[in-house]
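For the sequence shown, UniProt numbering begins at 1 and goes up steadily by one.
Take a look at the structure set out below.
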Amino acid sequence: MSLRHPMRHLLLGFTIIVVLVAAEFLLDFYHADELQERIELIVDTHNNKVRRVHDLRNIVRERVITLNTMLIEPDPFRVEELYIDFLNLGNRYVLKRRELESHIEHDDEHRRLVRLRALTVEGTPIIETAVELARKGEQAAATQLLLEQVMPLQERVMAQSDLLVDYYTGLVSKQSQDAQQVQHGWRENVVWLGGGVLVMILAIAIYVLRRISSDRRVLLHEIDERIEIEQDLQNARDTLERAVELRTRELREKSELLSEAQKISRLGHWEWIVPTGALRWSDEIFRMFGVDAEQIEPSYELFLESVHPDDRDEVVAAVEAAVAGTADYSIDHRILQPDGQVRMVHERGVVYRDSAGLALRMLGTVLDITERKAMEERLRFSASVFQNAGDGVMISDRNNRILDVNEAFTRITGYELEDVLGEDPKILQSGQHDNAFYQLLWSNLETHGEWQGEIWDRNKEGEVIPLNMTINVVKDERDRLSNYVALFRDISAAKANEQSLWHDAHHDALTDLPNRSLLYARLQMAVAQSDRNKEPMAVLLIDLDGFKEVNDTLDHDAGDDLLVHVARMLKGSVRENDTVARYAGDEFVVILQGGAGREVVERLAISMLKAISSPVAVKGEEVSVGASIGVALYPENAEEADALIVMADQAMYRAKRQGKSCTVFFGEW
């Protein structure tokens, strides 16, 4: 029994020890699992919190990046899409922050989250103001607000987030240390209860510590990675800030260039928000409308007040039609500046609508066309003058190829524009001018830029017509030849009238023979020609014998008829280049040119005496007269025209003294 009792006690004790060891083992195992779960829960909880903090940081960064993108985005529709993204990011930020606040475990944690929330509340109206400025197209103001207030607030939010991450990391470390202290207590209990329990506890502790160490290394590794990410994000932020600064400067320069270009081209642009009536003008429109951008807030009503009263209804109708979608907005109208000056502008606009088709806004341009309209009016007037001018006008290019003609040109020459377009004006030449004439014409054009004079051209029917013409050289703004302009009028009637007056002044009214004035002019030319050609010539002075009796017996009309008959007979007896002139009442002079020597003169004189003495019917009566002819030879008797007439007259009187009806050469008596 004694053995059995000790054995039973030992067994009981062993059993108790085993039970205790087992219980301890189970308890330690249970606590080890509980500790592991607690540690994992702590790690997971704080990892989730750290991740949410990082999500908040990323959302803040994305909102700033979205704002930067809105500042550099030129497309208004893309700006509105970015604005929606911006709002969605704000909603995500609020949800993430609320998730973080719902897991607050400590007062210190609550205070830190309150500080983060306060920074967010402080920054929200500022960044929303920057976004609204960006939406309105005021990039410069939005950029300034971004750099001066948004970016510093972002850095404060980032710093507070970093402190929160450090706080959660510290909590993980502290709670890990607390767990280690619990493990130390467990090890003391295991020592009191037995080495086996201690071994088990130690084994469990080692296992747990390894797990904690492993999780801690993982956590620290993740923290290191996040630090690297933060550094990369910081570098990206610096790069983005530099890019934003560069882009802002470029946008400012482009805006200045655009403003200058619009000023030079007198082109402005505008935006009208249809539902609210808000209107935005570029600087050039303010200049164009003559108002101060610093003192005037543009509006649709102000625009209508600037429209000329006579054009206002038409402009309103055009705007309403564009908004209704029944017509495009494109109109020319006048504007009235405050100083009373009237300008003409051309406007074009495009309407943007929502999904229901309602007009949201209009974008458009205003172009100052005052000078262009004035030029068009001058061109219309010039074209009217060009086409309706009484004088013919011909315009050719620098290569003297015809570009245009007016109706008077067609009336004078018979050529339509299609007949002469691209042709050289030489097609009008008559052949009556030699090369020297045209060389002098071109020389005057090249030297003086103008030629004026009379020219004989040929019309489409082949008729040669006299023209009074002026040709001018036209040069461009660089003083280079660009065109020739010929202005001319048909002077055929004037020439005919001039010829008639000249004829009347130089011909006998009764016989239509050259009078004494033309006689002396032709005699001068005949002497000069004979001198050049070294040929003889002769002057015959013919006086009718018995003419006075016919005139007295019948009447003066009969005498006139007889003189006309004699004149016609004398003219028919000489060559075409010879001259027959009426010298006095019944005296005639004949100039024989082209080698008229003594023998030729004698034969012609005999023929004339015979023809003159032949009876002729006058007033129903047959009458006859004779003639006395005096001849002077060139250069035998004289070398001057006047002297030849005098000598022929002396020879004629000698013939009368010799019995009339004969011919006497000067000096042969």
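For every residue, glycine included, the Cβ atom is placed at its ideal position computed from N, Cα and C.
Which residues bound the beta strand (DSSP E) around residue i?
i: Y484; result: 481 to 490
i: G572; result: No beta strand (DSSP E) holds G572; the alpha helix (DSSP H) holding it covers 556 to 572.
i: R361; result: 359 to 368
i: V601; result: Taken as a continuous stretch (DSSP letters only), V601 belongs to no beta strand (DSSP E), being part of the alpha helix (DSSP H) at 598 to 613.
i: I273; result: 267 to 273
i: F666; result: Unbroken run through F666: none, as it is neither H nor E.
i: E622; result: 621 to 623
i: V150; result: Neither: V150 is in no beta strand (DSSP E) and is coded neither H nor E.
i: A356; result: Neither: A356 is in no beta strand (DSSP E) and is coded neither H nor E.
What does the alpha-carbon distance come out to for the pair residue i and residue j?
i: L95; j: M288; result: 51 Å
i: D557; j: N551; result: 8 Å
i: R280; j: S482; result: 45 Å
i: H54; j: P74; result: 32 Å
i: E250; j: P275; result: 33 Å
i: G277; j: L220; result: 59 Å
i: A605; j: E640; result: 22 Å
i: D543; j: L562; result: 13 Å
i: A528; j: R522; result: 10 Å
i: E454; j: E498; result: 14 Å
i: S161; j: E225; result: 16 Å
i: V345; j: E297; result: 21 Å
i: A493; j: L501; result: 12 Å
i: L609; j: E463; result: 43 Å
i: G585; j: G572; result: 20 Å
i: L417; j: V366; result: 39 Å
i: I335; j: Q387; result: 33 Å
i: N47; j: E271; result: 50 Å
i: I645; j: A632; result: 7 Å
i: V291; j: P338; result: 7 Å
i: Q295; j: W451; result: 60 Å
i: V307; j: M469; result: 49 Å
i: I227; j: V165; result: 10 Å
i: A627; j: K548; result: 12 Å
i: L11; j: R211; result: Low confidence applies here, because L11 scores a pLDDT of 44, under 50, leaving its location unreliable and the question unanswered by this model.
i: D85; j: T129; result: 16 Å
i: W442; j: A436; result: 10 Å
Run through the DSSP bridge pairs and tell me what residue i is partnered with.
i: Y329; result: G349
i: Y93; result: BP columns for Y93 are empty, so no partner.
i: M537; result: Y634
i: Q429; result: D457
i: P514; result: H507
i: S628; result: D543
i: V590; result: L540, V580
i: L336; result: V342
i: R226; result: According to DSSP, which records beta bridges pairwise, R226 is partnered with nothing at all.
i: F437; result: Its beta-bridge partners do not exist; DSSP assigns none.
i: A617; result: E622
i: L279; result: W272
List the endpoints of the continuous alpha helix (DSSP H) containing residue i.
i: I455; result: That residue, I455, is in no alpha helix (DSSP H); its beta strand (DSSP E) goes 450 to 458.
i: D283; result: 283 to 289
i: K475; result: Premise fails: K475 lies in the beta strand (DSSP E), 464 to 475, not in any alpha helix (DSSP H).
i: V316; result: 309 to 324
i: S306; result: 300 to 306
i: A641; result: 641 to 657
Skipping 5 residues on each side, what residues in its chain have a beta carbon closer than 7 Å to that of residue i?
i: G349; result: A322, Y329, M362, L363, G364
i: I59; result: L89, R92, Y93, K96
i: A359; result: V274, V323, V351, R353
i: G422; result: R401, I402
Near residue i, what residues of its chain come up, given a Cβ to Cβ distance below 8 Å and the 5 sequence neighbours on each side ignored?
i: D560; result: L510
i: A327; result: A318, A321
i: I412; result: G392, N459, I465, L467, F488, R489, D490
i: E636; result: P536
i: E314; result: I331, H333
i: L119; result: L153, R156, V157, Q160
i: E622; result: P615, V616
Any beta-carbon of chain D closer than 8 Å to the one on residue i?
i: E245; result: Absence of chain D from the displayed structure is noted, only one protein chain being present.
Can you find the residues in the same chain that come closer than 6 Å, C-beta to C-beta, to residue i, ignoring five residues on each side of it along the sequence?
i: A611; result: M569
i: Y415; result: K460
i: E587; result: D543
Measuring from the CB of residue i, is there a heavy atom of the ligand FAD at a distance below 7 Å?
i: V420; result: Within the structure as shown, the ligand FAD is missing, as the structure has no ligands at all.
Report the start-end ranges of each beta strand (DSSP E) in the segment 86 to 144 that is 3 residues or longer and not cut off at the edges.
Runs found: none.
With a floor of 4 residues, list each alpha helix (DSSP H) that falls wholly inside the UniProt domain "PAS" (378 to 423), ordered by position along the chain.
Within the UniProt domain "PAS" (378 to 423), the complete alpha helix (DSSP H) segments of 4 residues or longer fall at 407 to 413, 417 to 420, listed in chain order.
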